[in-house]
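K.L.:
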Ligand code: 5AD
Ligand code: SF4
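Residue numbers (the working numbering): 22 to 472.
#1: Count the other CB atoms within 10 Å of the CB of residue 385; is the residue buried (16 or more) or exposed (fewer)?
#2: Residue 135 lies in the alpha helix (DSSP H); which residues open and close that run?
#3: Give the straight-line distance between the Cα atoms of residue 33 and residue 128, rounded to the nearest whole angstrom.
#4: Within a Cβ cutoff of 7 Å, which residues of the same chain sit near residue 448, ignoring the five residues on either side of it in sequence?
#5: How should residue 466 be labelled, buried or exposed, when 16 other C-beta atoms within 10 angstroms of its C-beta is the threshold for buried?
#6: What does a CB cutoff of less than 6 Å around residue 212 pick up in its chain, not counting 5 residues either side in sequence?
#7: How many Å lie between residue 271 and residue 336 at the Cα?
#8: Rounded to a whole number of angstroms, what is the C-alpha to C-alpha distance between residue 345 and residue 37?
#9: Heavy atom of ligand 1 less than 8 Å from the Cβ of residue 12, yes or no?
#10: Using 8 Å as the Cβ pair cut-off and three pairs as the minimum, do the region 98-117 and the region 68-84 touch?
#11: Give every residue whose Cβ lies closer than 6 Å to any heavy atom of ligand 1, listed in chain order.
#12: Under the rule that 16 or more other beta-carbon atoms within 10 Å means buried, what is residue 357, buried or exposed?
#13: State yes or no: is the beta carbon of residue 172 nearer than 9 Å to at least one beta carbon in chain B?
#14: Could you pull the DSSP bridge partners for residue 21 from this structure?
#15: Can you find a heavy atom of ligand 2 that lies under 8 Å from the Cβ of residue 339?
#16: Grab the span of the beta strand (DSSP E) containing residue 243 for me, first residue to last.
#17: Where do the N-terminal and C-terminal ends of the beta strand (DSSP E) with residue 335 fall, by residue?
#18: Answer yes or no: the CB of residue 82 versus the heavy atoms of ligand 2, is any distance below 8 Å?
#19: Which of helix, strand or coil does DSSP assign to residue 111?
#20: Alpha carbon to alpha carbon, how far is residue 293 from residue 278?
#21: Closer than 8 Å: is that where the CB of residue 186 sits relative to any heavy atom of ligand 2?
#22: With burial defined as no fewer than 16 other Cβ atoms inside 10 Å of the residue's Cβ, what is the status of residue 157: buried or exposed?
#23: On the CB-based measure, 16 or more other CB atoms within 10 Å of its CB, does residue 95 come out buried or exposed?
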């Protein structure tokens with residue numbers, strides 16, 4: 022009987038590309054499939070169902086997935102019963118075209134994961150193998166994600182889906198649909214559930230968290246992002262709260278003061294600048310100027326001295342001149358970012374930029390600019406970390422370091438990664454670490470006392 026039962030168990034392998042939102046969505050998918058009797062396996066070769074949750078943000082993200090589909094095709098050749106599905110942003114962008122790929126059996130966009138069991142059974146029973154309908158209301162608020170690292174320390178909660186900002190370079194609004202916020206009560210309940218399961222950090226996710234808004238039907242009262250952040254911070258002082266991503270045009274003083282008021286709201290803001298040139302920002306449709314951006318940075322630093330500030334930037338956008346690029350470099354020096362995600366512009370089909378502007382910076386020049394800003398940021402990161410030497414920070418331990426089991430790794434409130442001798446401490450502990458030395462990416466120190 023045992024053998025029969027085991028053979029009946031369905032196994033899913035899920036590979037995730039792209040942003041944190043996709044990691045979260047993969048947890049939702051595993052939860053939905055878990056209810057259908059699927060258990061997760063760590064290798065594609067062991068699975069009955071192979072799913073790829075995909076990203077469309079840059080052309081190379083899509084190329085990587087296409088490469089994987091080629092490999093899954095070879096697995097299907099060996100074992101005809103394997104089913105392969107494409108989920109997420111590429112599914113939404115390419116729709117039926119993906120079904121023409123010899124590896125692909127089913128396609129599900131970001132708002133149709135509830136439909137997955139039906140799409141899977143359609144393969145044997147007939148019916149549609151694709152759902153890419155975008156929703157104005159789907160938030161999956163009632164589904165508790167199957168946490169990939171159950172027993173983990175840090176996890177994500179999606180507080181909104183979609184995006185209403187039409188940045189001219191960006192595919193997100195087209196593949197993720199329009200903006201909708203999750204029920205504030207369900208966000209707080211999920212945070213509490215995670216804390217009770219041992220989590221010590223939640224990361225609230227949205228494409229633009231500053232435009233979060235939830236209206237309580239019973240009372241008519243409105244909850245904005247600053248209110249929500251305070252509600253989640255109220256779950257327990259030992260639960261750290263982080264969030265991303267903020268938009269420079271929307272980040273409010275109210276939010277900055279709410280962060281300052283709660284020790285367990287981490288002192289880190291990810292504020293994508295995209296460019297330091299007003300002319301480029303205008304073409305990007307970002308709705309702020311360099312001056313306005315710097316004013317927001319000044320406000321953050323006035324209210325929270327030492328707050329970690331990180332950013333995203335795109336080099337080589339349509340029409341970006343050398344002078345425009347120099348303005349981005351000078352803005353980086355002026356702000357002195359702690360860390361940055363840096364990208365060369367990649368034209369995405371049907372975006373505003375693709376329709377209205379010429380992708381006229383040659384690829385070699387994009388690469389040169391990218392390398393120049395990476396070099397600069399590396400200096401700035403080292404400088405920022407050097408300032409921490411000799412100081413003590415509260416660190417939430419995440420687990421053993423990559424290098425050695427005798428060492429632990431964790432983050433400071435400002436989101437700096439810290440490595441130190443374990444001394445018997447474990448994941449989920451808060452420790453005070455005195456920083457002794459550093460690299461651009463890591464602080465290295467020792468524990469002073471256990472909390
Ligand atoms: N090309 C390059 N980078 C992009 N990003 C978004 N769209 C593009 C694109 N077409 C970057 C932005 C964004 C981050 C998530 O990815 O910097 O903030
Ligand atoms: Fe995330 Fe955007 Fe990539 Fe979709 S396209 S996975 S929303 S980064």
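Glycine included, each C-beta is placed from N, C-alpha and C at the ideal position.
P.N.:
If we stick to the structure as given:
#1: Residue 385 sits at position 364 when you count from the first residue of the chain shown. Exposed: under 16 other Cβ atoms inside 10 Å.
#2: Numbered from its first residue, the chain shown carries residue 135 at position 114. From DSSP, residue 135 is part of no alpha helix (DSSP H); its letter is neither H nor E.
#3: As a first step, residue 33 is located in the chain shown; it is residue number 12 there, counting from the start. As a first step, residue 128 is located in the chain shown; it is residue number 107 there, counting from the start. The straight-line gap from Cα to Cα measures roughly 15 Å.
#4: Taking the first residue of the chain shown as 1, we reach residue 448 at position 427. Once the five neighbours on either side are set aside, the close Cβ partners of residue 448 are 174, 418, 419 and 420.
#5: On the chain shown, residue 466 is found 445 positions in, with the first residue counted as 1. That one is buried.
#6: Reading the chain shown from its first residue, position 191 is the one you call residue 212. Excluding positions up to five away in sequence, the list reads 223, 253 and 256.
#7: Translated into the one-based positions of the chain shown, residue 271 becomes position 250. Translated into the one-based positions of the chain shown, residue 336 becomes position 315. Going by the C-alpha atoms only, they are around 23 Å apart.
#8: As a position in the chain shown, residue 345 is number 324, starting the count at 1. As a position in the chain shown, residue 37 is number 16, starting the count at 1. Cα-Cα distance, rounded: 35 Å.
#9: Nothing about residue 12 can be read from this structure; the chain reaches only from 22 to 472.
#10: yes
#11: 78, 79, 190, 191, 293, 295, 333, 335, 364, 366, 367 and 369
#12: Within the chain shown, numbered from 1, the residue matching residue 357 stands at position 336. Exposed.
#13: The question asks about chain B, but that chain is absent: this structure has only one protein chain.
#14: The structure shown has nothing for residue 21, since the chain only spans 22 to 472.
#15: By 1-based counting over the chain shown, the position of residue 339 is 318. It does not: the Cβ of residue 339 is nowhere closer than 8 Å to a heavy atom of ligand 2.
#16: Counting from 1 along the chain shown, the entry for residue 243 is found at position 222. It spans 243-245 - the beta strand (DSSP E) in which residue 243 sits, taken as one unbroken run.
#17: Taking the first residue of the chain shown as position 1, residue 335 is located at position 314. First-last of the beta strand (DSSP E) with residue 335: 329-336.
#18: In the chain shown, the residue the question calls residue 82 occupies position 61. Yes, the beta carbon of residue 82 sits closer than 8 Å to at least one heavy atom of ligand 2.
#19: Position 90 of the chain shown, counted from the first residue, corresponds to residue 111. Looking at residue 111 - three-state DSSP - the assignment turns out to be helix.
#20: As a working mapping, residue 293 is identified with position 272 in the chain shown. As a working mapping, residue 278 is identified with position 257 in the chain shown. Using only the alpha carbons, I get a separation of about 20 Å.
#21: As a working mapping, residue 186 is identified with position 165 in the chain shown. No, since every heavy atom of ligand 2 falls outside the 8 Å radius drawn around the Cβ of residue 186.
#22: Here the question's residue 157 lines up with position 136 in the chain shown. Label assigned to residue 157: exposed.
#23: Residue mapping note: residue 95 aligns to position 74 of the chain shown, counting from 1. With fewer than 16 other Cβ atoms within 10 Å, it is exposed.
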